[in-house]
Structure formats: structure tokens, C-alpha cells
Amino acid sequence: MTIVWAGLSLGAVYALIAIGYNITMTFGGVFNLAHGAFVVLSAFFSWFVIVDQGWPWWTAALLGTAGGALLAGIEELVAVRPVLRRENGHALLVTTVGAFVVIEGILMATWGEEPKSIPFFGGQEALTLLGGRVARVDLWLIAAAVAIGVGLHLFSRRSLWGLAARGATTDPAAAKLRGVNVAALRTGAFALAGALAGLLGPLMTPKTGASVSIAITLTVFGFVALAVGGFGSFLGSIVGGLVIGLVQSYSSRYLGVEYPPLLLFALLLAVLVVRPTGLFGQRGLRAV
């Protein structure tokens, strides 16, 4: 059972990355490849606040959440909105990749390649649960992924704001005619995803550590979780992330550390061949 807990907690990280992707896709109509870089930026900032400055974990979480929302909102205003005015989808994808590269460069210049780690506020000792050993941070990650994913699912389908944002993404022209500020909704979607990235940084760093190299790993495996679970589905993000984490954990344990990427991309290919929008995906939200 210990290996199951390890896989679920790792999958929860990927699920939260996929949820961030889905926020900007569902509520803003944009796939933001820089999301993983924002998470790692928050992880390094958490190390600075907690280890270097000696402030409590909650301070890092609050500052990271607020800072992530602000920076992601600025990304939408400065990098995304001007491109959307020209209606160039390919340039938009390149723009978000450019934002990723810029953030990665800032991280490298500021903190270098040496990995950082922070203590978890809930303690470092492991618990025995359902016959396996599990760290407290792992339980928090799993709970956060499920709670945030389910909460956003309900918000997107049951609330007036959520339905308006989804409608604006599906048909922006019709939404504008009804008085919906589509640009403001998109900025809000980026800010919400940035807030999630800012929270995930201090939450995951006690488990994963903070390093520049992890940014591309989170970006790629978060996308795999998104594609497997489903484009536009927050519940699918949870399922996709947990499945990816379990496959990675079991394959690393029984086959070797070189096999997980191969198996994960084989799983991705199989799912996309059978169901191109993912297990729970919505066909209308697949295009970027």
C-alpha cells in the first residue's frame, strides 16, 4: 500500500497542474504552457520565505497565492491579450512557451541549479494508513487535488459565474452581445490558475523539492494528466493525474526508473487514439 500512497500523492501534483491548465482553457479559452513554470517559481519563493527568511509556511502560502494570481493576470494582459486581438492561435501558443522560458531563465539566474527543500508545516513523520506508510504532506496533496477539482467542477456547472465563463469561452461573440466582459473573464481565469500555482508551490515542495529542471517535468506530465483525464473536465484532471502517478510509481518500482516516461506516453497515445478528448473530455474545448 505504501507504493499506492506514493503514486497517489505524486499523481495529485500532476492533477493540480492539469486543473490549472483546465482553468484557463475552460474559463478563458487559452492553454497556458507557462503554468508549470509559475508553480516552480512559487516553490523557490517558498524556500526563500520559509528557509532563508524564517517565516512560517502559511505566510509563504498566502504570499505565493496572491503573487501567483498577480503574475498570471499580468501574463494575460501583457502576453496573451495582444495576440488574441490578432486572432493568431499559433502565436498564442508560442507566447505562452516564451513566458515559460522567461520564468525558467529568471529562476536559473536567481537561484541556480541547486535543488531546494522546505519543511512541511504538518510534520515530517509518516503515518501508517490502510497498511501502508504515507507522509502527511502526501495526504494534504491528495486532499487538495480532490477538493479543488470537485469544487471547480461544481462551480463551472452549478454557478452563474461558472456557466457564464464557460459560455463566453464557447461563443465569445454571443457572450459579448449579452454584455459579458470576455476579456475580464479571461484575465480572471489566468489569475485563478496563477493563485492555484502559487498555492501548489509551498504544498508540493516538501515532497518534490524545488529545482529549475522540475518545471519541464511538471509541464509535460501535467499535460499528460490533462489529456488522459479530458480537456475541459476538472474531474478528469483528478482521475488523469492519479492514474499517471500510479503508473509512474509502479513502473519505477518494478521495471526501473527509465520506464515510466515510455509507459506514460504509450498510455497517452492509447487514450487519444480511442478517445481524442480524453476520458472525461468535452469535444468543444479541445482546440487551443
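Numbering (this note's numbering), first residue to last: -5 to 282. From the three backbone atoms N, C-alpha and C, an ideal C-beta is built for every residue, glycine too. Please read these numbers as outputs of a predicted model, since none were measured by experiment.
Collapsed DSSP secondary structure at residue i in the structure displayed
{"i": "L257", "result": "helix"}
{"i": "L249", "result": "coil"}
{"i": "L273", "result": "coil"}
{"i": "A281", "result": "Reliability of the predicted coordinates at A281 is poor, the pLDDT of 39 falling under 50, and the value obtained from them is presented with this limitation in mind. The answer is coil: DSSP assigns A281 none of H, G, I, E or B."}
{"i": "S153", "result": "coil"}
{"i": "W(-1)", "result": "helix"}
{"i": "S227", "result": "coil"}
{"i": "R160", "result": "helix"}
{"i": "V233", "result": "helix"}
{"i": "F21", "result": "helix"}
{"i": "G116", "result": "coil"}
{"i": "G145", "result": "helix"}
{"i": "G48", "result": "coil"}
8 Å contact criterion, which residue i and residue j should meet: CB distance rounded
{"i": "G30", "j": "G239", "result": "Not a contact, Cβ separation roughly 16 Å."}
{"i": "T122", "j": "L27", "result": "That belief does not hold up - the Cβ atoms of T122 and L27 are roughly 40 Å apart, past 8 Å."}
{"i": "L262", "j": "V218", "result": "5 Å"}
{"i": "E98", "j": "V206", "result": "6 Å"}
{"i": "L57", "j": "V43", "result": "6 Å"}
{"i": "V265", "j": "A221", "result": "7 Å"}
{"i": "I13", "j": "F228", "result": "6 Å"}
{"i": "S3", "j": "I136", "result": "6 Å"}
{"i": "G188", "j": "F38", "result": "15 Å between Cβ atoms; not a contact."}
{"i": "T283", "j": "L193", "result": "Past the boundaries of the shown model lies residue 283; the chain is included only from -5 to 282, so the question cannot be answered."}
{"i": "T211", "j": "T20", "result": "The pair is not a contact, with the Cβ atoms about 24 Å apart (cut-off 8 Å)."}
{"i": "T199", "j": "W41", "result": "7 Å"}
Short CB-CB distance (under 8 Å) between residue i and chain C
{"i": "L35", "result": "No chain C is present in this structure, which holds just one protein chain."}
For residue i, the first and last residue of its enclosing beta strand (DSSP E)
{"i": "G126", "result": "G126 to A129"}
{"i": "A28", "result": "Element bounds for A28: n/a, residue is neither H nor E."}
{"i": "A120", "result": "A120 to L123"}
Residue span of the alpha helix (DSSP H) that contains residue i, given as start and end
{"i": "L213", "result": "The displayed chain sequence assigns Thr, not Leu, to residue 213. Taken as a continuous stretch (DSSP letters only), the alpha helix (DSSP H) holding T213 covers I208 to G223."}
{"i": "P166", "result": "P166 to L171"}
{"i": "E69", "result": "W51 to E69"}
{"i": "V174", "result": "Careful: V174 lies outside any alpha helix (DSSP H) and carries neither H nor E."}
{"i": "V77", "result": "R75 to R79"}
Beta-bridge partners of residue i, as assigned by DSSP
{"i": "K110", "result": "A204"}
{"i": "A37", "result": "Paired residues: none, contrary to the question."}
Neighbour-count burial assignment, residue i, 16 or more Cβ in a 10 Å radius
{"i": "Y248", "result": "exposed"}
{"i": "W52", "result": "exposed"}
{"i": "A9", "result": "buried"}
{"i": "F259", "result": "exposed"}
{"i": "L197", "result": "buried"}
{"i": "V72", "result": "exposed"}
{"i": "A281", "result": "Confidence is the limiting factor: at A281 the pLDDT is only 39, short of 50, which leaves the residue's position unreliable, though a coordinate-based value still follows. The residue is exposed, with fewer than 16 neighbouring Cβ atoms inside 10 Å."}
{"i": "A204", "result": "buried"}
{"i": "A159", "result": "buried"}
{"i": "Q242", "result": "buried"}
{"i": "E69", "result": "buried"}
{"i": "S153", "result": "exposed"}
{"i": "W283", "result": "Residue 283 lies beyond the range of the chain shown here (-5 to 282); nothing can be said about it."}
{"i": "R180", "result": "buried"}
{"i": "T213", "result": "buried"}
{"i": "G272", "result": "buried"}
{"i": "R171", "result": "In the sequence under discussion, the amino acid at residue 171 is Leu, which differs from the Arg named in the question. Exposed, since its Cβ has fewer than 16 Cβ neighbours within 10 Å."}
{"i": "A289", "result": "With the chain represented from -5 up to 282, any question about residue 289 goes unanswered, as that position is not in the structure."}
{"i": "A139", "result": "buried"}
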